[in-house]
Amino acid sequence: MRWQEASIRLRLRKRVNSCACFATALKSITTTETINDPYNSGLVGCLCLRGTALYINWSEQPARMKLDDAALRKVWKPSYAKGFEMQATLAIVGGVLGISSFVVEHSYLSLLGGVLLLASWPWTLLAMMPTNKRLEATSDDRAGPDTRALIVKWGKLHAVRTVFGLAGASTFLAAAFPASGNR
Numbered sequence: 002m003r004w005q006e007a008s009i010r011l012r013l014r015k016r017v018n019s020c021a022c023f024a025t026a027l028k029s030i031t032t033t034e035t036i037n038d039p040y041n042s043g044l045v046g047c048l049c050l051r052g053t054a055l056y057i058n059w060s061e062q063p064a065r066m067k068l069d070d071a072a073l074r075k076v077w078k079p080s081y082a083k084g085f086e087m088q089a090t091l092a093i094v095g096g097v098l099g100i101s102s103f104v105v106e107h108s109y110l111s112l113l114g115g116v117l118l119l120a121s122w123p124w125t126l127l128a129m130m131p132t133n134k135r136l137e138a139t140s141d142d143r144a145g146p147d148t149r150a151l152i153v154k155w156g157k158l159h160a161v162r163t164v165f166g167l168a169g170a171s172t173f174l175a176a177a178f179p180a181s182g183n184r
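For reference, each letter of the sequence shown is one residue, going 2 to 184 in my numbering.
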């Protein structure tokens, strides 16, 4: 069991080597004592959510923008559907963990982190959904420059949603590793 835990830690460290604060957080949350800590549980959910959102902004969206209009629409649709399932679930889990941390430990920072994660829901429904619906309604054979413009707009809207999560992750980090003992 110990070698498996060490192997998992090593793999996690390699993946987050470029960001010392995330490496510190992941090292801390892989111990048994801290898995049950509500601050770290919320942090894990938040980091998973933001990792996927950053991947979309950093890798997937720029890569698909190199495709022709029809292929661009064809690739966007299933990617959006799967991403929605995963990100919606992670936002709810991270948000609920942040709010539960507030209820149990009276951590206002965790409450704020949870609220920031859950804020991606109204943003998605109010700001992004009209664009999403137009893209979903476009058939692959009718994809053209207007479709490309909508996907560019979608990428910008998604970047705003990513900022909510980054702010939530920063707040969870502050709650999990308080500098002055304030949680």
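Positions of the beta carbon are idealized from the N, C-alpha and C atoms, including for glycine.
Check	Outcome
Beta carbon of residue 58 nearer than 9 Å to that of residue 169	no
Complete alpha helix (DSSP H) runs within the region 127-163 (minimum length 4 residues, chain order)	130-138
Same chain only: Cβ atoms within 8 Å of residue 142, ignoring 5 sequence neighbours per side	71
Per-residue burial, residue 159 [other beta carbons within 10 Å of its own, 16 or more giving buried]	buried
Environment of residue 174 [buried if 16+ CB atoms lie within 10 Å]	buried
Simplified DSSP assignment, three categories, for residue 60	helix
Sequence-distant residues of the same chain with beta carbon closer than 6 Å to residue 121, five excluded per side	92, 162 and 165
Limits of the unbroken alpha helix (DSSP H) element including residue 87	70-106
Cβ-Cβ distance between residue 152 and residue 65 below 9 Å	yes
Rounded distance between the beta-carbons of residue 172 and residue 113, thought under 8 Å	5 Å
Best match in 106, 177, 77 and 107 for proximity to residue 134 [C-alpha to C-alpha]	77
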